[in-house]
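Following: one structure in structure tokens, then a few remarks.
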Amino acid sequence: MLEQDTGLSLAIAQIVQRLKGSSLHSQLERQARGSLHKPEIKLDSLKEDIKEFLKTSGWEKRLQNAVYSELNVFPSPCHPAAPPEHMKEPLVYMRKAQGSWEKRILKSLNSMCTELSIPLARKRPIGEQKELLNKWNEMGTDEPDLSLFRPVYAPKDFLEVLMNLRNPNYENGDQPSFRNHLGLIQVPLKVKDIPELRDYFSELGLNTGQLGIDDSTQVPPELFENEHVRVGQTVLTEQDSAAAQQYVRQGCPTALRAELWALILNISNQPEDILYYEQLKSNVIQHDLLVDSLIYKDVKLTASNDDYYFVFEDYLYQVLLCFSRDTSVLEHFSYSSATPPKSYIRGKLGLEEYAVFYPPNALSQLNSFIISVAPLCFLYHEPSKLYQIFREMYVRFFFRLHSISSHPSGIVSLCLLFETLLQTHLPQLFYHLREIGAQPLRISFKWMVRAFSGYLATDQLLLLWDRILGYNSLEILAVLAAAVFAFRAVNLMEVTSLAAAEAVLADLSTLKVMPLLQIFLFATVT
Amino acid sequence: MEPPAPSLGHGAGFPMAPDPALCTVRSPVALQVGDVKTDLARPGVAVIDVALPPTQPLDLQEIVFKNSYTAFLTVRVQRRRPCDVGREGARKWVTCLWNHCLMPSPHTEAGSQDYFSVFRHQMLCDVDQVTAVRLILRQPSPVWLHFTLEELRLYPRGQQSLQTGFPSWLSNLAPQQQPENLHGGVPDPEKVSTEVQQLWVLTEMIRANQTAARIGRFDVDGCYDINLLSYT
Numbered sequence: 022m023l024e025q026d027t028g029l030s031l032a033i034a035q036i037v038q039r040l041k042g043s044s045l046h047s048q049l050e051r052q053a054r055g056s057l058h059k060p061e062i063k064l065d066s067l068k069e070d071i072k073e074f075l076k077t078s079g080w081e082k083r084l085q086n087a088v089y090s091e092l093n094v095f096p097s098p099c100h101p102a103a104p105p106e107h108m109k110e111p112l113v114y115m116r117k118a119q120g121s122w123e124k125r126i127l128k129s130l131n132s133m134c135t136e137l138s139i140p141l142a143r144k145r146p147i148g149e150q151k152e153l154l155n156k157w158n159e160m161g162t163d164e165p166d167l168s169l170f171r172p173v174y175a176p177k178d179f180l181e182v183l184m185n186l187r188n189p190n191y192e193n194g195d196q197p198s199f200r201n202h203l204g205l206i207q208v209p210l211k212v213k214d215i216p217e218l219r220d221y222f223s224e225l226g227l228n229t230g231q232l233g234i235d236d237s238t239q240v241p242p243e244l245f246e247n248e249h250v251r252v253g254q255t256v257l258t259e260q261d262s263a264a265a266q267q268y269v270r271q272g273c274p275t276a277l278r279a280e281l282w283a284l285i286l287n288i289s290n291q292p293e294d295i296l297y298y299e300q301l302k303s304n305v306i307q308h309d310l311l312v313d314s315l316i317y318k319d320v321k322l323t324a325s326n327d328d329y330y331f332v333f334e335d336y337l338y339q340v341l342l343c344f345s346r347d348t349s350v351l352e353h354f355s356y357s358s359a360t361p362p363k364s365y366i367r368g369k370l371g372l373e374e375y376a377v378f379y380p381p382n383a384l385s386q387l388n389s390f391i392i393s394v395a396p397l398c399f400l401y402h403e404p405s406k407l408y409q410i411f412r413e414m415y416v417r418f419f420f421r422l423h424s425i426s427s428h429p430s431g432i433v434s435l436c437l438l439f440e441t442l443l444q445t446h447l448p449q450l451f452y453h454l455r456e457i458g459a460q461p462l463r464i465s466f467k468w469m470v471r472a473f474s475g476y477l478a479t480d481q482l483l484l485l486w487d488r489i490l491g492y493n494s495l496e497i498l499a500v501l502a503a504a505v506f507a508f509r510a511v512n513l514m515e516v517t518s519l520a521a522a523e524a525v526l527a528d529l530s531t532l533k534v535m536p537l538l539q540i541f542l543f544a545t546v547t
Numbered sequence: 173m174e175p176p177a178p179s180l181g182h183g184a185g186f187p188m189a190p191d192p193a194l195c196t197v198r199s200p201v202a203l204q205v206g207d208v209k210t211d212l213a214r215p216g217v218a219v220i221d222v223a224l225p226p227t228q229p230l231d232l233q234e235i236v237f238k239n240s241y242t243a244f245l246t247v248r249v250q251r252r253r254p255c256d257v258g259r260e261g262a263r264k265w266v267t268c269l270w271n272h273c274l275m276p277s278p279h280t281e282a283g284s285q286d287y288f289s290v291f292r293h294q295m296l297c298d299v300d301q302v303t304a305v306r307l308i309l310r311q312p313s314p315v316w317l318h319f320t321l322e323e324l325r326l327y328p329r330g331q332q333s334l335q336t337g338f339p340s341w342l343s344n345l346a347p348q349q350q351p352e353n354l355h356g357g358v359p360d361p362e363k364v365s366t367e368v369q370q371l372w373v374l375t376e377m378i379r380a381n382q383t384a385a386r387i388g389r390f391d392v393d394g395c396y397d398i399n400l401l402s403y404t
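Residue numbers (my numbering), protein chains in the order written: chain V, 22 to 547; chain S, 173 to 404.
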């Protein structure tokens, strides 16, 4: 491990390196140069005066927000001797598992390409480009024949892969012993227990006001809600990312949510961002990719059939098609355990200068999180801002739900956390479900992998995602899954098959998220 | 004086000293009561002996290794002292690192495959003129089949050279950030000079690297006509 001081200087150097060349850097330079004309800037104390100017004009705050954002997204620097794969994923067997999973997906894409004789990418003829441009805002009215396309994988395939993860250095005997986990996940990752979770989620405690509980109609708003909204408005005026992140741990008022989330994710929708989005749109119009059809099919299957999200179908196409062309997403591969799939320009196989990533943002497994775009449509109506928010949420959080890694917010840790919580605090229920062949993870996996989108009512989902942003971690998904099981424990104890258990847990739309979490974390007798 | 050159195989990191010292690392020997082959219980202790060339005792600066499921590490060294010259008998072993924790939760994976550095200022005793190093590994959890350390390297003290002219913003960094260091009196000059040396190399790295800002094009000269995806 790096010791404290060297670690700090290395982190500083890396952040400076990343911010250099960004638009914030050039804006700061421009501001500093422009300030030279001001009378209060004196030559003999130039540096101090410029620093003072940047502080009072609010630019220092923006720089602070940018640095805070970098700290949140990128992991702390590794030991210098560690190779880059180590920063993506320190455990060798997990890297191997992720590699073979990716190979499976690539094979599937390649075979789809050859079977259907559709090229992976093709340049659209001018006529088709014009047509697409005309109906850009209503792509949902298109009904192309998608029957031949099948999704690249289903969530239960992914669950199978996770179940078969084994550490070769771990004693995985056939004899049941204390070493074998009773659940489906068999890797010994460190997960938090309830005392640690109570400490970690201390702002969700019984003595702290929460939106989702203390704003219900029976509670007079003077007790908590009014003050909370006032604090939220102050945070927005101050434009402080770190304060906003702390604030949303108690929930966001609906009116302020869109701006607060944008502040936390450090999205400011500058003209160059809008221009970037337009460039992506023109990329979509120029080239047609095979994954586009997969996206169409997925959106039609999931969002279009949902009672709440079908209105946003057109938005979903606009965001997702542009997302698959976005090369800036490639940056997150430095801290993700996944590796981008490569291909070569036709006729130039093996020549490195003709190697490109496919799709351009290198994410072929888009299904199952498509539905996580839809809730954002409630908050943002402008396509370029919606796009940026979604992209930032993806490279911060949601990518961890689709790759195999040992990160505490990765899907493997979330599954293990869920199973451990259930086993420890509802042992009878866990045993009963296991005996009837209904391993709890088989039911809750699909909730967690979609971050509960499409299962909870939208306002509850947004309250949950407030906490994901506030704590910068997905662990709350596992805690909520366990809390749901705890809530329906009485009914679940009476079922006798997996199908019946699924029926008990089929409808989550009436659940209130915050009371469930509070009771499970702080009011359960252990 | 020439600044130390980065050594190969170090990843993106900064070098601590010119090159790792030449030494022979023996494979770990498990300490076990009873017969190693037939006993079912796992040994929880293993010892790695590192022998240095007898004519070149080492002034140890840093030990770098990759962990492989070891939970606690103790390091003992044998030093050549002026009073030992002419005397044959066994030299004394001195403990310079006691029960250093590598895995905070030994039954789980945290820290199990990470890279670690142990510096001379973390050690309990003086580590100059070292002739042999012994690493005692402990893994109290019985769930792991094997535990050891890999890629073990010892670094001698390098030249303390300072290149002038590194960016001034870097020299302005340190004072504001760590006021608490001054409570213990003046910080150890050796430690400070090592760190400044490391900072210098970092800035050289940054100066050499261009900005990584992307242009945003995913095709090659307007063409995105691709073959099938490659598996490698």
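C-beta atoms are modelled at their ideal positions from N, C-alpha and C, and glycine is treated no differently.
Identify which residue in the options has its Cα closest to the Cα of residue i.
i, options, result
"V249 of chain S", "S:P229, S:A243, S:N239 and S:V236", "S:P229"
"L186 of chain V", "V:E523, V:V433 and V:E496", "V:V433"
"Q460 of chain V", "V:L180, V:S43, V:G79 and V:R83", "V:L180"
"K41 of chain V", "V:P60, V:K63, V:V88 and V:E69", "V:V88"
"V332 of chain V", "V:Y356, V:L277 and V:H402", "V:H402"
"L450 of chain V", "V:L477, V:L483, V:A504 and V:M115", "V:A504"
"L154 of chain V", "V:T258, V:H308 and V:E293", "V:H308"
"R253 of chain S", "S:V205, S:Q233 and S:A304", "S:A304"
Who are residue i's beta bridge partners in DSSP?
i, result
"H308 of chain V", "V:K144"
"W316 of chain S", "V:Y191"
"E234 of chain S", "S:F291 and S:Y327"
"C273 of chain S", "S:F244"
"D267 of chain S", "Asp is not the amino acid found at residue 267 of chain S; the sequence shown has Thr there. Paired residues: S:R248."
"D221 of chain S", "S:R306"
"A202 of chain S", "S:A218"
So, under 8 Å CB-CB, residue i and residue j are touching, yes? Tell me the CB distance rounded to an integer number of Å.
i, j, result
"L301 of chain V", "D347 of chain V", "6 Å"
"V222 of chain S", "V201 of chain S", "Contact flag wrong, Cβ pair sits at about 13 Å."
"F74 of chain V", "S90 of chain V", "In fact, because the Cβ distance is near 23 Å, the residues do not count as touching under 8 Å."
"K109 of chain V", "S358 of chain V", "5 Å"
"R251 of chain S", "Q301 of chain S", "5 Å"
"R488 of chain V", "R270 of chain V", "6 Å"
"W265 of chain S", "L296 of chain S", "Not quite, the Cβ-Cβ distance comes to about 13 Å (not below 8 Å), so this is no contact."
"P209 of chain V", "Y191 of chain V", "6 Å"
"P362 of chain V", "S474 of chain V", "Wrong, their Cβ atoms sit about 26 Å apart, outside the cutoff."
"F506 of chain V", "L447 of chain V", "7 Å"
Would you verify that the beta carbon of residue i is, or is not, closer than 8 Å to some beta carbon of chain S?
i, result
"C273 of chain V", "no"
"Y298 of chain V", "no"
"V113 of chain V", "yes"
"S30 of chain V", "yes"
"E73 of chain V", "no"
"E192 of chain V", "yes"
Against chain V, with Cβ distances strictly below 8 Å, would residue i count as a contact?
i, result
"E376 of chain S", "no"
"V305 of chain S", "no"
"Y287 of chain S", "yes"
"F338 of chain S", "Its pLDDT being 40, under 50, F338 of chain S is placed unreliably in this model, and the value from its coordinates should be taken loosely. Judged by the 8 Å Cβ criterion, F338 of chain S is not in contact with chain V."
"T227 of chain S", "no"
"S365 of chain S", "no"
"L474 of chain S", "Any question about residue 474 of chain S goes unanswered here, given that chain S covers just 173 to 404."
"Q332 of chain S", "In this prediction, Q332 of chain S scores a pLDDT of 36, lower than 50, which makes its location untrustworthy; the coordinate-derived value is nonetheless stated afterwards. Chain V, which has no Cβ nearer than 8 Å to the Cβ of Q332 of chain S, makes this no."
"A243 of chain S", "no"
Does any residue of chain C bring its CB to less than 8 Å from the CB of residue i?
i, result
"L321 of chain S", "Looking at the structure shown, chain C is missing, and the protein chains on hand are V and S."
Answer yes or no: the CB of residue i versus the heavy atoms of the ligand ATP, is any distance below 7 Å?
i, result
"Q369 of chain S", "The ligand ATP is absent from the structure shown, which contains no ligand whatsoever."
Three CB pairs or more closer than 8 Å across the stretch 418-429 of chain V and the stretch 311-320 of chain V: Contact between the stretch 418-429 of chain V and the stretch 311-320 of chain V is absent: fewer than three C-beta pairs spanning the two stretches fall below 8 Å.
Assess, as a yes-or-no matter, whether the stretch 233-244 of chain S is touched by the stretch 282-298 of chain S under the definition of 3 or more beta carbon pairs within less than 8 Å. Here the stretch 282-298 of chain S makes contact with the stretch 233-244 of chain S; the two share three or more CB pairs at distances below 8 Å.
For the 8 Å Cβ check, are there 3 or more pairs between the stretch 90-97 of chain V and the stretch 26-37 of chain V? Using a Cβ-Cβ distance cut-off of 8 Å, the stretch 90-97 of chain V and the stretch 26-37 of chain V are in contact, since at least three pairs of beta carbons, one from each stretch, lie closer than that value.
Spell out a yes or no on whether the stretch 205-220 of chain V and the stretch 510-523 of chain V are touching, meaning 3 or more CB-CB pairs, one atom from each, closer than 8 Å. In short, these stretches do not touch, since the Cβ pair count stays below three.
At least three beta-carbon pairs within less than 8 Å, the stretch 456-473 of chain V to the stretch 228-241 of chain V: Touching, no.
Please confirm if the stretch 122-137 of chain V is in contact with the stretch 277-286 of chain V, defined as three or more CB-CB distances below 8 Å between the two stretches. Because the criterion of three Cβ pairs below 8 Å is not met, the stretch 122-137 of chain V and the stretch 277-286 of chain V do not touch.
The stretch 224-233 of chain V / the stretch 528-544 of chain V touching (three or more Cβ pairs under 8 Å): Contact between the stretch 224-233 of chain V and the stretch 528-544 of chain V is present, because at least three Cβ pairs lie under 8 Å.
Given 8 Å, three or more beta-carbon pairs between the stretch 143-161 of chain V and the stretch 323-335 of chain V: A contact between stretches requires three or more CB pairs, one per stretch, nearer than 8 Å, and the stretch 143-161 of chain V meets this requirement with the stretch 323-335 of chain V.
Do the stretch 68-82 of chain V and the stretch 44-58 of chain V meet, that is, are 3 or more Cβ pairs less than 8 Å apart? With a cut-off of 8 Å, the stretch 44-58 of chain V and the stretch 68-82 of chain V count as touching, because enough Cβ pairs lie within range.
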